[in-house]
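Q:
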Amino acid sequence: MSKAVFEHLAMPWKVVLEINKILKSNGLLFINTLQTFPLHEKPWDFWRFSDEAWKILLNRWNGYEIMYSNMEFPCRVIPELNIPDWETNHEAYLLSNVLAKKTGNYDEKLFKWDISIRDITDSIYPKEKI
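Throughout the sequence shown, residue numbering follows this note's numbering, covering 157 to 286 in sequence.
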């Protein structure tokens, strides 16, 4: 179970592969994260997830079956600039959730990302306390 963490992961696609390695067959994975929410814990606030995002991150190719996903707590984004089209035509939700089942192991030859986070950024999260 992960709650309000995935938006802070620099590489969530790597994390779902690592979870697959330790999750037992038919094991369940529940992720609750943000869909629309103010930035926080910068600079380590990278992502927002729709219910469609889970179909990309958790699929048969990397060993998952989505059992349920949704977005909850409808909200409105009110930009500082007047953009009338945004008033009624765009959905927004505070949270996005997914429940997935591990269906098998993934093929490590197909899914690789051999770049360390240290190669991309010098910052760390959570911030070290002095």
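Every residue gets a Cβ at the ideal spot worked out from N, C-alpha and C, and that includes glycine.
1. List the DSSP bridge partners of GLU228.
2. Reducing DSSP to helix, strand and coil, say where ILE175 ends up.
3. Could you please give me the residues that DSSP links to ALA166 through a beta bridge?
4. Taking the alpha helix (DSSP H) that LEU195 falls in, what are its first and last residues?
5. So the beta strand (DSSP E) ILE187 belongs to, where does it begin and stop?
6. Please report the residue range of the alpha helix (DSSP H) in which TRP210 lies.
7. Specify the secondary structure class of ILE222 as computed by DSSP and reduced to three states.
A: Reading it off the structure:
1. LEU251, per the DSSP bridge assignment.
2. Correct three-state label for ILE175: helix.
3. For ALA166, DSSP assigns no beta-bridge partner whatsoever.
4. Segment: none, LEU195 is in no alpha helix (DSSP H) and carries neither H nor E.
5. Per DSSP, the continuous beta strand (DSSP E) segment holding ILE187 begins and ends at 184-190.
6. TRP210: member of the alpha helix (DSSP H) spanning 209-213, first to last residue.
7. Residue state for ILE222 is assigned as strand, using DSSP reduced to three classes.
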